[in-house]
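Numbering (the working numbering), first residue to last: 1 to 182.
Here you go:
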């Protein structure tokens, strides 16, 4: 399989199933942002300090590839059987969040992103995840999508926020509370 096909040279790309759409379409923006998120998760994985979390981040990257393929599919024309997002994938994120929160002090205010380079990667990943969620929400107004896709992205952004806090704790990074000037 060649990397280049020349089929996209005129500004269109093919969905799974063969349908050609403009590269600026909402569908392409949605799965392109999921791909961007996956790359940031890879960067976060490279900076992660605990092998258990590395394994979890690899699982998340796998799920994001699945999610991206589901967004890239024209169901009316595709004959492929694609992997799916399952409730157990969301359960994994929720259980991970709960386990991390057992060690974290309760939040009393919003927290300014930052404190350590790895923590910052969590916050960047969270923001990209939220953008992906917004785009997928808009796409779901145009095409029927499995509700678990949005639930997964929503829970993943929560996971990334809590993981950032957890890393702050483990790395002895300062969490700076937001104190609005009124």
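Just so it is clear, CB atoms sit at the ideal spot from N, CA and C, and this is done for glycine as well.
Quick one, are the C-beta atoms of residue 28 and residue 63 less than 8 Å apart? Indexing the chain shown from 1 puts residue 28 at position 28. Indexing the chain shown from 1 puts residue 63 at position 63. In this structure, the beta-carbon distance from residue 28 to residue 63 does not fall below 8 Å.
Can you say whether residue 3 is buried or exposed, counting buried as having 16 or more other CB atoms within 10 angstroms of its CB? The count along the chain shown starts at 1 and reaches residue 3 at position 3. By the 10 Å Cβ count, residue 3 comes out exposed.
The beta strand (DSSP E) spanning residue 182 covers which residue range? Residue mapping note: residue 182 aligns to position 182 of the chain shown, counting from 1. Bounds of any beta strand (DSSP E) do not take in residue 182, whose DSSP letter is neither H nor E.
Return the CA-CA distance between residue 163 and residue 97, expressed in angstroms with no decimal places. Working through the chain shown from its first residue, we reach residue 163 at position 163. Working through the chain shown from its first residue, we reach residue 97 at position 97. Looking at the backbone, the Cα of residue 163 and that of residue 97 are separated by about 8 Å.
Could you pull the start and end residues of the beta strand (DSSP E) that residue 88 belongs to? Within the chain shown, numbered from 1, the residue matching residue 88 stands at position 88. It is not in any beta strand (DSSP E) - residue 88 instead sits in the alpha helix (DSSP H) that spans 87-101.
Entirely within the stretch 116-180 and at least 4 residues each: give me those alpha helix (DSSP H) ranges in chain order. Fully enclosed alpha helix (DSSP H) runs of 4 or longer: 117-140, 147-170.
According to DSSP, is residue 3 part of a helix, a strand, or is it coil? Translated into the one-based positions of the chain shown, residue 3 becomes position 3. Residue state, collapsed to three classes: coil.
Closest by C-alpha distance to residue 156, when choosing among 60, 111, 54: Taking the chain shown and counting its residues from 1, the one referred to as residue 156 is at position 156. The residue with the shortest Cα to Cα distance from residue 156 is 60.
Can you tell me the Cα-Cα spacing of residue 72 and residue 33, whole angstroms? Stepping through the chain shown from its first residue, residue 72 is reached at position 72. Stepping through the chain shown from its first residue, residue 33 is reached at position 33. If you take the alpha carbons of residue 72 and residue 33, they lie about 12 Å apart.
Quick one: using the 10 Å Cβ neighbour count with 16 as the cut-off for buried, is residue 186 buried or exposed? Outside the displayed range of the chain (1 to 182) lies residue 186, so it cannot be described from this structure.
Do residue 125 and residue 176 have their C-beta atoms within less than 8 Å of each other? Looking up residue 125 in the chain shown gives position 125. Looking up residue 176 in the chain shown gives position 176. For residue 125 and residue 176, no; Cβs fall outside 8 Å.
Which one of 181, 31, 11, 36 has the shortest CA to CA distance from residue 69? For the purposes of this step, residue 69 is taken as residue 69 along the chain shown, with counting starting at 1. Distance check between residue 69 and each of 181, 31, 11, 36 places 31 closest, using alpha-carbon atoms only.
So, under 8 Å CB-CB, residue 77 and residue 19 are touching, yes? Tell me the CB distance rounded to an integer number of Å. Along the chain shown, one-based indexing puts residue 77 at 77. Along the chain shown, one-based indexing puts residue 19 at 19. The pair is a contact, with the Cβ atoms about 6 Å apart (cut-off 8 Å).
Taking only the alpha-carbon atoms, compute the straight-line gap between residue 35 and residue 128 and give it to the nearest angstrom. For the purposes of this step, residue 35 is taken as residue 35 along the chain shown, with counting starting at 1. For the purposes of this step, residue 128 is taken as residue 128 along the chain shown, with counting starting at 1. Residue 35 and residue 128: Cα-Cα distance of roughly 10 Å.
Might you give, ordered along the chain, the residues of its own chain that have their beta carbon closer than 6 Å to the beta carbon of residue 145, omitting 5 neighbours on each side? Counted from its first residue, the chain shown places residue 145 at position 145. Excluding positions up to five away in sequence, the list is empty.
Assigned exposure category for residue 39 - 16 Cβ within 10 Å defines buried: Locating residue 39 in the chain shown gives position 39, where the first residue counts as 1. By the 10 Å Cβ count, residue 39 comes out exposed.
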